[in-house]
Every structure is written in structure tokens, then in C-alpha cells.
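Colleague: So the number in this note's numbering is just where the residue sits in the sequence shown, counting from 1, plus 467.
C-beta atoms are modelled at their ideal positions from N, C-alpha and C, and glycine is treated no differently.
Just so we're clear, the structure is a prediction, and the values are computed from it rather than from any experiment.
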Amino acid sequence: MVEAFGLSIGVLLVLMTVVLHLSSGTERPIPDDVSQSVLERRAESVPDTNFPEPMNRSIGGGGAPAGAIGGEGGAEGELAESEEAEESESPAAIPDDEAEVYEVEYEKEGETLEVPENQTLLEAGEEQGWDLPYACRAGQCLSCGGHVADGPSEDYLTHDGQEMLSEDEVGDGYTLTCVAYPTSDMTLETNETP
Ligand code: FES
């Protein structure tokens, strides 16, 4: 009887311990911002990194400083300047009131025109309403070909960007009239190709 009483007291104590443990709870407080605290803890656990400069920058090859791009004297600036210089070298850039005028005899059309040095031989003929042949108008085909009667064409005109005629053909008097600006009086045969 006494043993049974002691046993039941023991069981009761165990039950009370379990109930107390459960009632005190095992729930951990949840921080307001879990993700922020996790990030902070992770950040503290990662040592500071100190990566070296990329090789191409440290040896001065390729990595232009940000300020140099588009700035004065930068690569773009130089490109724009060279383009400007190229443009200003074109006879077309000569102001009308400064342009020399030359007499060009268009042999097949039977007329002599006064052509300023800032106008192409093709344009001068077109202004007369003549149906002269052309295609690209950029010196990259042979459609507008012509022939200077008296010798190497570049003794009488300058080509601004012709890419089709060989030196020999220019030497024989051939020209691409869409990019040909007169530099002298001449006799021209239109619609002639080598
Ligand atoms: S039209 Fe093409 S080169 Fe003159």
C-alpha cells in the first residue's frame, strides 16, 4: 500500500514536470526582421575581401578611365575630330562664294558648263536636265563612269572617295563623275567606263 502510494506520487511528479515544461514553451522569439538579421550575421562571418585591380587596368592596357570616355580628348572626341577633318577636306565643303569655277566641255551633250570646284561633274550635268547614268552616287560602282579626253583624269579633277577605278584606269582618263570635282578646265565624255 505504501509502495503504491509512493509510486503514484512519483508518477504525479513526473507528470507535473512534463506539464510545467510544456507550459513554459519552447517557442523562440522571432525577430522583427528575420532576413535582415540573417544577412547581418552572414556579413559578419565573411572576411573583408580586397580584390586586386584587373590586370588590364593595372598595366594600363584597355581600361580607359570613365572620365575619358566622351570627354574632351577622349576616343570619341578624337573620332569626331577626324571625321570633321575628313569632311572639311571634301571639295563639297568649300563655301560657294569661295569656290573656283572651271569650264567643262560635255562632249556628247555638245555643251560647255561652268562647274564650281564644290560640285560634282554628275550634279552639274543633272542641273541641265540631262539624263546621265548613275547608281550608288558614292564612288562604289561604275554606273556614272566618264572619260577625260586629255589624259590622267586626276590632272583635271579630284575624286572624293572613288573605290572602283585602278590607278591605271585613272591614268587613262577614266573618272566616276558622281564623286569627281573639277580642278581644271577639261573635256569630258559621259557614259564611258573602262
Ligand atoms: S554612281 Fe556609283 S560610282 Fe558613281
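For Gly618, count the other beta carbons within 10 Å of its own beta carbon; 16 or more makes it buried, fewer makes it exposed. Which is it?
Modeller: Per the 10 Å Cβ criterion, exposed.
Colleague: Output yes or no for whether 7 Å exceeds the beta carbon distance between Gly640 and Ser610.
Modeller: Against a cut-off of 7 Å, the Cβ pair of Ser610 and Gly640 comes out as no contact.
Colleague: Are any of the Cβ atoms in chain D nearer than 7 Å to that of Gln595?
Modeller: Looking at the structure shown, chain D is missing, and only one protein chain is on hand.
Colleague: Closest by CA to Ser633, which one among Gln586, Pro661 and Pro558?
Modeller: Among Gln586, Pro661 and Pro558, the Cα nearest to that of Ser633 belongs to Pro661.
Colleague: Per DSSP, which one or two residues make a beta bridge with Ala647?
Modeller: According to DSSP, which records beta bridges pairwise, Ala647 is partnered with His626.
Colleague: Which of helix, strand or coil does DSSP assign to Glu574?
Modeller: If DSSP states are grouped into helix, strand and coil, Glu574 belongs with coil.
Colleague: Mind reading off the beta-carbon distance from Leu643 to Gly592? Whole number of angstroms is fine, and I expect it under 8 Å.
Modeller: That belief does not hold up - the Cβ atoms of Leu643 and Gly592 are roughly 13 Å apart, past 8 Å.
Colleague: What are the residues that DSSP puts in a beta bridge with Leu580?
Modeller: Val571.
Colleague: For Gly592, name the three-state secondary structure that DSSP assigns.
Modeller: Helix.
Colleague: Quick check on Ala647: buried or exposed, where buried means 16 or more other Cβ atoms within 10 Å of its Cβ?
Modeller: Counting Cβ neighbours within 10 Å, Ala647 comes out buried, since at least 16 surround it.
Colleague: In chain order, what residues of the same chain have a beta carbon less than 7 Å from the beta carbon of Ala602, not counting five sequence neighbours either side?
Modeller: Within the same chain, Ala602 has close Cβ partners Cys608 and Ser610.
Colleague: Identify the continuous beta strand (DSSP E) that holds Glu621 and give its terminal residues.
Modeller: Counting along the chain, Glu621 falls outside any beta strand (DSSP E), and DSSP gives it neither H nor E.
Colleague: Quick one: what's got a C-beta closer than 8 Å to Ala605's C-beta in the same chain, skipping five residues either side?
Modeller: Around Ala605: Gly628, Cys645 and Val646.
Colleague: Could you give the C-beta distance for Thr625 and Pro558, rounded to a whole number, given that I count them as a contact under 8 Å?
Modeller: Confirmed, about 6 Å.
Colleague: In the DSSP assignment, find the alpha helix (DSSP H) that holds Glu634 and state where it starts and stops.
Modeller: Here the alpha helix (DSSP H) through Glu634 covers Glu634 to Gly638.
Colleague: Quick one: using the 10 Å Cβ neighbour count with 16 as the cut-off for buried, is Pro649 buried or exposed?
Modeller: Pro649 should be labelled buried.
Colleague: Judging by CA-CA distance, which residue of Asn585, Pro562 and Gln595 is the nearest neighbour of Gly577?
Modeller: Answer by Cα proximity: Gln595.
Colleague: Leaving out five residues on either side along the sequence, give the residues of the same chain with a beta carbon under 8 Å from the beta carbon of Glu584.
Modeller: Excluding positions up to five away in sequence, the list reads Pro558, Ile561, Ala566, Glu567, Val568, Tyr569, Tyr648, Pro649 and Thr650.
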